[in-house]
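J.: I am attaching a structure below and will ask some questions about it afterwards.
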């Protein structure tokens, strides 16, 4: 738990995504940094008092350091600009339902949307977002901070409760930060996590407005917490966290998921590592270049490969559906394949899978299969 707490402090948030083709997105950043950890620790940190994490719309849906809770109250107080169509429509057209749902959560929480579902016809126009009106009302209340996520069940559904029953009492008792103070706190956490970044990078970390982020960074520069810097090859001014440790060689060998904060901002990924990366989950199969759920492989200080991974839980295998060498990689194919094979073996063991199967797709597949077989 001490290792987990240090990562929460360092990263500030861990993105959530519902896709479970390999492992839930929020589980992977810790595996990338810690190796084979006990996922029950993360579950405990997010769903058991005193919580270290709370769920909210940070970057996207995310588990956020609970010490930042009061820095999000401004957004909860002004949810309108961040609401999407169906939840806004239910709030506007059925205020009585929204109030009924809030009363039900207060009486029966923690409770899922399914448990509150009134049986009305669901909207069928959006794949993956076919919400009932009760679910839409809950999501509005969640965005507005009137309900909170007490945890997720085995179907990965949110269980909603009143925020004062979710947020640790000491943090709940703290005063909310106003919008300017909150942006200062969030910009500080973002630049500390990133180390060196442009204003756009810092804004993207918590999905803040660039103008307000620039104001916050300028204030942090005035107090000496950040330093304006020029980065060779970058076309925009940048900022450096003033207490950034002195750089040292990095001997990494790890898989980085599509939702890892290291690669949140794709332009930053290209500028730092010369990697052009786009997730292709929603791309039609015939148009995918790399694969469905592609992880980047970091070897040393360079992204050396990318692999399309899937957990075949019924068959007990980790499926490597394609393996590609990164154009910017400097290591030899055999060196990349050897390190990648070891990392995939660690991943398979952590997921409880007994073997690895490598498909013959990608320019690094043959070399990887040799190392897996050997």
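In the working numbering, the protein residues as written are 541 to 914. For every residue, glycine included, the Cβ atom is placed at its ideal position computed from N, Cα and C.
Answer yes if the region 584-598 comes into contact with the region 814-834, meaning at least three C-beta pairs across the two stretches below 8 angstroms, and no otherwise.
T.: no
J.: Looking only at DSSP bridge pairs, what is residue 858 linked to?
T.: Its beta-bridge partners are 851, 896.
J.: At the level of alpha carbons, what is the spacing between residue 845 and residue 682?
T.: 39 angstroms
J.: Got a sec, what are the start and stop residues for the beta strand (DSSP E) residue 594 sits in?
T.: Bounds of the beta strand (DSSP E) holding residue 594 are 593-597.
J.: May I have the straight-line CA-CA distance separating residue 810 from residue 836, to the nearest angstrom?
T.: 13 angstroms
J.: Using CA coordinates, which residue listed in 872, 861, 866, 736 is at the minimum distance from residue 770?
T.: 736
J.: Does the CB of residue 867 have a neighbour CB from chain D at under 8 angstroms?
T.: Annotation note: the requested chain D is absent from the structure, which comprises a single protein chain.
J.: Taking the straight line between their C-alpha atoms, what separation do you get for residue 742 and residue 559?
T.: 26 angstroms
J.: Could you tell me if residue 718 is buried or exposed, where buried requires 16 or more neighbouring beta carbons within 10 angstroms of its beta carbon?
T.: exposed
J.: On the DSSP bridge list, what partners appear for residue 635?
T.: Residue 635 pairs with nothing; no bridge assigned.
J.: Whose CA, out of 692, 585, 789, lies closest to the CA of residue 542?
T.: 585
J.: Do residue 607 and residue 731 come within 8 angstroms of each other at the CB atom, strictly closer than that value?
T.: no
J.: Between which residues of its own chain and residue 612 is the CB-CB distance below 6 angstroms, once the five residues before and five after are set aside?
T.: 596
J.: Using CA atoms only, rank isn't needed, just tell me which of 727, 579, 816, 761 is closest to residue 753.
T.: Residue 753 has its Cα closest to that of 727, out of 727, 579, 816, 761.
J.: Nearest by alpha-carbon distance to residue 868: which of 854, 855, 853, 841 is it?
T.: 841
J.: Can you look up residue 700 in the DSSP assignment and give me helix, strand or coil?
T.: strand
J.: Skipping 5 residues on each side, what residues in its chain have a beta carbon closer than 8 angstroms to that of residue 699?
T.: So the list reads 649, 650, 651, 652, 689, 690, 691, 692, 693, once near-sequence residues are dropped.
J.: By the three-class DSSP mapping on this structure, what secondary structure does residue 662 have?
T.: Confidence is the limiting factor: at residue 662 the pLDDT is only 43, short of 50, which leaves the residue's position unreliable, though a coordinate-based value still follows. Residue 662: coil per DSSP, three-state reduction.
J.: Give the DSSP-derived three-state secondary structure of residue 871 in the structure shown.
T.: The answer is coil: DSSP assigns residue 871 none of H, G, I, E or B.
J.: Please list the terminal residues of the continuous beta strand (DSSP E) segment that includes residue 692.
T.: 688-692
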